[in-house]
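Student: Can you keep this structure in mind? I'll have questions shortly.
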Ligand SMILES: Cc1ncc(C[n+]2csc(CCOP(=O)(O)OP(=O)(O)O)c2C)c(N)n1
Ligand SMILES: Cc1ncc(C[n+]2csc(CCOP(=O)(O)OP(=O)(O)O)c2C)c(N)n1
Ligand SMILES: [Mg+2]
Ligand SMILES: [Mg+2]
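Following this line, the structure appears as structure tokens:
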């Protein structure tokens, strides 16, 4: 165990995977000499060489497409997309190729690629360095969607991703890259997919969050605890596969649900959570399901703090939900 | 009024718009001499010339990007994407450019483009000629998403789209291109956005559908009517803007909801409808909200009839929902 | 003296292969033609859902595939029937895919012609144009990384040169000196768009300039020319000298697919011009001229192939569709909890007769 | 005789413009430099969130923009400060955008440097690389369609030549003979990736071959060379002769942005080599050599510009942020019912103090 930040944990996972398995390669823009614009790949090229840590030309379709080719061979490529906002040139390769190769070939050609990418707001990155668009990927069958919120999970989930057999989108909450710190197990630490983490138990309301919204929702929960509201905070960890049991069980217990994410509300991931509850836990629900999310607009620059779900905004929603029924 | 098929109605709308407004241009693959692979643009190049009906090279990013440029100038381009399945190379131009130009420029540079594209299954098109991925667009602020289900709506909604000021994705249900027939008003027929159509009133359950699922759901409804179940069938017509009032009002009346779409269930558009109801009509709900959708897999070829929501499958879901509570 | 009259053996092309091999080449081309003809008919009779013919492109495809080694990777588009045959893919496997039946290696998941054969390093085709081009770069890179001396060959059309992944594939291959042979069949049309409206470049081969490696234009209806060009490009690639773009100039004699009507956009004259350059006729007359075999032998070969195809089709048509629940396989390496639930519900619907296979 | 010793007026470049104009050119370049220096400092002091410097690229940018007409469309990336200044965009408007304040024409929606000025036909920049290249083709096509004799000019870097939209933009422009001047500033780096790892082509200009129109490489630190090349390309374009690709070879003297540390990936030697080719020094010494003005005059010009920038910054820093509810504007032409509801809730949160601007 050593103390590390979330970004250091990512680096540790990559380092470990490359060390134990020569079939693990990294590719992406500025990941080599520069170590990645956030330094996630710091030191890797020096240690493992240019043939295993590839600085690529500026083309995301190329990055993912080449990774697909490597994976079809049988390698385990880890592609970095510099910001989630820049993944769209690769969208065709992801939704038409990566997620469909195994299916369309009747299982003959699995393509296991991990795509790592920083996402989310709170760093004054404006329209194109702040977006959360997990719903685009979670709604596409064939790719797992993983969002860690702690350093230990970042390492454990990334190692699980790299040694999984399916494509994985690994979304890194850049806003807490350096503020989230904690103990990280050494070596081959794995955190299984599809198991949510109950951050704190509670009896009055279930709060569902993931990634950088977990610490924010946690603060809101802690503030309310003092007022006698006991919220159960659930960190989903993996959106696909989703721990449906944990979600349903929690609401069966509390009877209320508040869903938090940075992405816009309309058709966001929170909609699926609400739909699952409206199907599987309807009779447990005492109050309307509330979503605290980014607004249904593009991401702003100057006013980003007004846009993002804040401790106060989440707190108010929890209070109201508990008061509602 | 003349009788027409849905595809003919599309053609009529394009023809009318081009005739009354020289700023309307069409561009896309095989839309000129060939009149489009489904013949939606039949005759247009002959009548309006090559400078207004452009056969483009094989690049969807180019098609949409060029249309954006034309729109920034002030023209009203109508881009055709041959199949929705081939829109992904243009995804970056849509989600990063088209939908964000007005916002990011503080209103200085609106870009009004209509993207027409056939979508959906039922034509034995397999994995890449059958998909329904409306959720990808509906979850992106800045683009309206329109799905007609009748010839009159196809014409009326397309004309509204072309003379609207915002970007529009116009999804054409190719499965019923030629089977949906009906009276189509002549001339400048417009159908407003954001107004759902109550296909049939009913008191026992609300069925929400759009596009090619409307006739299927209608059949299911009709069959059940004979058994004494009165389902209210709501054709959403436009997913963005969504007629939230109509959705909520219907469920307040019936107390039950069945949502139908071809797209996979997980994070599909149905999730948003369920979430809206779980927030705004929770206390009216007598039974869990049920979604009848494509399965959470890629679209198959041989087995497509087992994959797509059928009259029987929808009927069973309605029955069960009514029986449930 | 007319050209025809002057024809002597010395005017014949320098054969690229010994005659017994050329006979095999011709047989493969004729087999592809026989399958093509049969399938076009089956589709018209409503027995096959859809078909993409390759008529006219046999020399390009067989010429290229003949120059490859078993370890090389083929990254096809949807028109590469003759490539699959040259690779030794059993006709039965191909037909099973066309029918999407229970024996289809791809489990009936894709439209006809979108086959894939792992055993032959023949990738599973997708419809989106151009995407396989960059996969080839990844495969080539990976193979070299693992010490294999092989190449990857993306097959694509003139239309595909406009695609995004043509650009990224060519550029990445240039940068990494990846052992790739980019094989473009310029068949003059991308559905209804003629080559000259697809791009304003003088040739397609010249596009290699933009990426810093050689581009070669060859007569795609001349088996020897194609074979030699690919062989040379392959040798360069495995020697570490980098990729090559080959433009094989040929012609799509049939419609784009059975859904297409080319009379809407091209002239009978154009068709006639290219008919006169038929690649099978060309190799055949060369072999006839050299006396390697006779017209009668060729006719009986055709007969043999046609009846073989006929028999195979009969066998294949006996197969039923894939099992209903196979719908849920291969989305993931193993069934997800989510799909497990959906599958359970599906099985219930099957039992109830709500869903009928 | 050394090169330096041989320098006489006859060795000076043939001026592309009369001296009074060249003085204005130099002034614009110096102004851009002054803004650049000031903004880098403001960012270090924490007064500005982020900044993208253009130091070293002034001749390329001013040279290109000087050759354009007011009706021409500029489709910038994020580094085109000197282009905006040449177009006559008021410095105040630029600074307002950098600060994202209430006077920002873009309403504080974007990171610094991503400005847009409708009045100057200067498109609103986005971060995704290369996307503006194809917009230029649409603008050029539309302008010609409406009978305007103008061109559209996408500005982009060496890195952007790898993007999908470079490929589609170049290809579409070639096919439609669109009046576009593709202006690539090859500043040798794409963040940490050097030009030679971006693409294996010998030059970037040669990429025009792939699309059937001319590509020209010019010394991007030589104002005259750039100005002449763009002027000629513009003339060709409006005469209906089609597009041109211009590669201006220059250098990014500063970091990629204030978030970048170039010492991680490039050498001081390289920097020194290019420092010696400073485009402002170059034009200045030419004008000094011709006796058009004196070193002292240049120094007082710099003084004047710096204090002007200083004053403007002071004014701009007085402005507050945009109104909180402006968050909801401009998503749609008019507020959607959905956003109306969200805005109402937002206003309630503002009133309750849950959200604090
Ligand atoms: C991304 C994408 N856009 C459009 C299509 C529709 N489409 C199918 S084939 C084709 C033309 C392809 O032409 P070419 O690359 O020359 O290959 P050919 O069919 O001539 O062999 C088009 C436009 C597609 N399959 N994928
Ligand atoms: C699609 C996309 N991918 C990645 C990035 C991150 N990024 C920003 S600038 C840049 C390098 C651009 O290099 P170049 O085109 O040469 O322009 P320069 O910055 O040198 O002016 C990269 C990779 C981006 N903005 N957009
Ligand atoms: Mg072709
Ligand atoms: Mg650069």
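Protein chains in written order, with this note's numbering: chain A, 30 to 354; chain B, 30 to 354; chain C, 137 to 493; chain D, 137 to 493. All residues carry an ideal CB built from backbone N, CA and C; glycine is no exception.
Going by beta carbon distance, what residues of the same chain come within less than 7 Å of residue 231 (chain D), once the five residues before and after it are set aside?
Tutor: Translated into the one-based positions of the fourth chain, residue 231 (chain D) becomes position 95. Taken in chain order, the residues that qualify are 448, 449 and 452.
Student: Return helix, strand or coil for residue 99 (chain A), following the three-state DSSP convention.
Tutor: In the first chain, counting from the first residue as 1, residue 99 (chain A) sits at position 70. Residue state, collapsed to three classes: helix.
Student: Going by DSSP in three states, residue 455 (chain D) sits in which element: helix, strand or coil?
Tutor: As a working mapping, residue 455 (chain D) is identified with position 319 in the fourth chain. Residue 455 (chain D) falls in the coil class under three-state DSSP.
Student: For residue 261 (chain B), which option in B:268, B:272, B:238 and B:270 has the closest C-alpha, if you only look at C-alpha atoms?
Tutor: The residue you call residue 261 (chain B) lines up with position 232 of the second chain. It is B:238 whose Cα lies nearest to the Cα of residue 261 (chain B).
Student: Have a look at the DSSP bridge pairing and note the partners of residue 209 (chain D).
Tutor: Mapped onto the fourth chain, residue 209 (chain D) falls at position 73. Paired residue(s): D:288.
Student: What is the DSSP secondary structure of residue 355 (chain D), reduced to helix, strand or coil?
Tutor: For the purposes of this step, residue 355 (chain D) is identified with residue 219 of the fourth chain, where counting begins at 1. In this structure, residue 355 (chain D) counts as strand in the three-state DSSP scheme.
Student: Specify, as a first and last residue, the run of the alpha helix (DSSP H) that residue 202 (chain A) falls within.
Tutor: Locating residue 202 (chain A) in the first chain gives position 173, where the first residue counts as 1. Run containing residue 202 (chain A): none in the alpha helix (DSSP H); it sits in the beta strand (DSSP E), 197–202.
Student: Output, in chain order, the set of chain C residues within a Cβ distance shorter than 7 Å of residue 122 (chain A).
Tutor: Sequence index remark: in the first chain, residue 122 (chain A) carries index 93 (1-based). Here the neighbours are 267.
Student: Does residue 281 (chain A) have its Cβ less than 8 Å from a Cβ in chain B?
Tutor: For this step, residue 281 (chain A) is matched to residue 252 along the first chain. No - not a single Cβ of chain B is within 8 Å of the one on residue 281 (chain A).
Student: Run the proximity test for residue 294 (chain C): is its beta-carbon closer than 7 Å to any non-hydrogen atom belonging to ligand 3?
Tutor: Within the third chain, residue 294 (chain C) is the residue found at index 158, counting from 1. For ligand 3, at least one heavy atom lies less than 7 Å from the Cβ of residue 294 (chain C).
Student: Can the beta-carbon of residue 325 (chain D) be found closer than 8 Å to that of residue 192 (chain D)?
Tutor: Stepping through the fourth chain from its first residue, residue 325 (chain D) is reached at position 189. Stepping through the fourth chain from its first residue, residue 192 (chain D) is reached at position 56. Not closer than 8 Å, so no.
Student: For residue 53 (chain A) versus residue 46 (chain A), is the C-beta distance shorter than 8 Å?
Tutor: Position 24 of the first chain, counting from 1, holds the residue named residue 53 (chain A). Position 17 of the first chain, counting from 1, holds the residue named residue 46 (chain A). Cβ atoms of residue 53 (chain A) and residue 46 (chain A): closer than 8 Å.
Student: Taking only three categories from DSSP, how would you classify residue 173 (chain B)?
Tutor: Looking up residue 173 (chain B) in the second chain gives position 144. In this structure, residue 173 (chain B) counts as strand in the three-state DSSP scheme.
Student: How is the alpha helix (DSSP H) around residue 405 (chain D) delimited, first residue to last?
Tutor: Along the fourth chain, one-based indexing puts residue 405 (chain D) at 269. 404–411 is the extent of the alpha helix (DSSP H) around residue 405 (chain D).
Student: Under 8 Å: do the region 121–139 of chain B and the region 112–120 of chain A share three or more Cβ pairs, one atom per stretch?
Tutor: Result yes; three or more Cβ-Cβ pairs closer than 8 Å.
Student: With 8 Å as the threshold, decide whether the Cβ of residue 360 (chain B) is near any Cβ in chain A.
Tutor: A question about residue 360 (chain B) goes unanswered here, because the residues of chain B that appear run from 30 up to 354.
Student: What does residue 319 (chain B) touch in chain A if you count any residue whose Cβ is under 7 Å from its own?
Tutor: For the purposes of this step, residue 319 (chain B) is taken as residue 290 along the second chain, with counting starting at 1. Simply 308.
Student: Quick check: what's the CA-CA separation for residue 327 (chain B) versus residue 202 (chain D)?
Tutor: Walking along the second chain from the start, residue 327 (chain B) turns up at place 298. Walking along the fourth chain from the start, residue 202 (chain D) turns up at place 66. Roughly 53 Å between the two C-alpha positions.
Student: Contact defined as beta carbons within less than 8 Å: I believe residue 182 (chain B) pairs with residue 220 (chain B). What is the distance between those atoms, to the nearest angstrom?
Tutor: Sequence index remark: in the second chain, residue 182 (chain B) carries index 153 (1-based). Sequence index remark: in the second chain, residue 220 (chain B) carries index 191 (1-based). The pair is a contact, with the Cβ atoms about 6 Å apart (cut-off 8 Å).
Student: Evaluate the contact criterion for the region 331–339 of chain A versus the region 457–469 of chain D: three or more CB pairs, one atom per stretch, below 8 Å.
Tutor: At 8 Å Cβ cutoff, the stretches touch.
Student: In whole angstroms, what separates the C-alpha of residue 390 (chain C) from that of residue 351 (chain C)?
Tutor: Here residue 390 (chain C) is taken as the residue at index 254 of the third chain, counted from 1. Here residue 351 (chain C) is taken as the residue at index 215 of the third chain, counted from 1. Taking the straight line from one Cα to the other gives about 28 Å.
Student: Residue 422 (chain C) to residue 290 (chain C), Cα distance in whole Å?
Tutor: Taking the third chain and counting its residues from 1, the one referred to as residue 422 (chain C) is at position 286. Taking the third chain and counting its residues from 1, the one referred to as residue 290 (chain C) is at position 154. Spanning the two alpha carbons is a distance of roughly 29 Å.
Student: Under the three-state reduction of DSSP, which class applies to residue 84 (chain A): helix, strand or coil?
Tutor: What you label residue 84 (chain A) is simply residue 55 of the first chain in a count that begins at 1. In the structure shown, residue 84 (chain A) sits in a strand (DSSP, three-state: E or B).
Student: Residue 111 (chain A) by DSSP, collapsed to three states: which one?
Tutor: Sequence index remark: in the first chain, residue 111 (chain A) carries index 82 (1-based). It is coil, neither helix nor strand.
Student: Given a limit of 7 Å on CB to CB distance, which residues of the region 333–351 of chain C reach chain D?
Tutor: For the region 333–351 of chain C, which is checked against every Cβ of chain D, the residues closer than 7 Å are 333, 335, 336, 337, 338, 342, 343, 345, 346, 347, 348 and 349.
Student: Does the beta carbon of residue 310 (chain C) come closer than 8 Å to any beta carbon on chain F?
Tutor: The chain inventory of the structure shown lacks chain F, comprising the protein chains A, B, C and D.
Student: Specify, as a first and last residue, the run of the alpha helix (DSSP H) that residue 221 (chain C) falls within.
Tutor: Counting from 1 along the third chain, the entry for residue 221 (chain C) is found at position 85. Note, residue 221 (chain C): alpha helix (DSSP H), 217–222.
Student: Buried or exposed: where does residue 181 (chain C) fall if 16 or more other Cβ atoms within 10 Å of its Cβ makes it buried?
Tutor: Within the third chain, the letter at position 45 stands for residue 181 (chain C). So residue 181 (chain C) counts as exposed.
Student: Counting only Cβ-Cβ distances shorter than 8 Å, please list the residues of the region 44–76 of chain A near chain D, keeping chain order.
Tutor: Correct list: 58, 59, 61, 62, 63, 64 and 66.
Student: Would you say residue 466 (chain D) reaches chain B, if we count a Cβ-Cβ gap shorter than 8 Å as a contact?
Tutor: Counting from 1 along the fourth chain, the entry for residue 466 (chain D) is found at position 330. Closer than 8 Å: yes.
Student: Is there a Cβ of chain C sitting closer than 8 Å to that of residue 132 (chain A), yes or no?
Tutor: As a position in the first chain, residue 132 (chain A) is number 103, starting the count at 1. Cβ-Cβ to chain C under 8 Å: yes for residue 132 (chain A).
Student: Verify the contact flag: residue 388 (chain C), CB atom, against every heavy atom of ligand 3, threshold strictly below 7 Å.
Tutor: Here residue 388 (chain C) is taken as the residue at index 252 of the third chain, counted from 1. At least one heavy atom of ligand 3 is nearer than 7 Å to the Cβ of residue 388 (chain C), so yes.
Student: For ligand 1, any of its heavy atoms closer than 7 Å to the Cβ of residue 326 (chain C)?
Tutor: Against the third chain, residue 326 (chain C) aligns to sequence position 190. Yes - ligand 1 has a heavy atom lying nearer than 7 Å to the Cβ of residue 326 (chain C).
Student: How about residue 145 (chain A): is its C-beta nearer than 8 Å to some C-beta of chain D?
Tutor: The residue labelled residue 145 (chain A) in the question sits at position 116 within the first chain. No, its Cβ sits nowhere closer than 8 Å to a Cβ of chain D.
Student: Give me the Cα-Cα distance between residue 145 (chain D) and residue 340 (chain D), rounded to the nearest whole angstrom.
Tutor: Numbered from its first residue, the fourth chain carries residue 145 (chain D) at position 9. Numbered from its first residue, the fourth chain carries residue 340 (chain D) at position 204. Low confidence applies to residue 145 (chain D): its pLDDT is 42, below 50, so where it sits in the model is not reliable, and the reading given next is rough at best. Using only the alpha carbons, I get a separation of about 33 Å.
Student: Pick out whichever of B:88, B:190, B:102 and B:130 has its Cα sitting closest to the Cα of residue 42 (chain B).
Tutor: Position 13 of the second chain, counting from 1, holds the residue named residue 42 (chain B). Nearest option by C-alpha distance: B:190.
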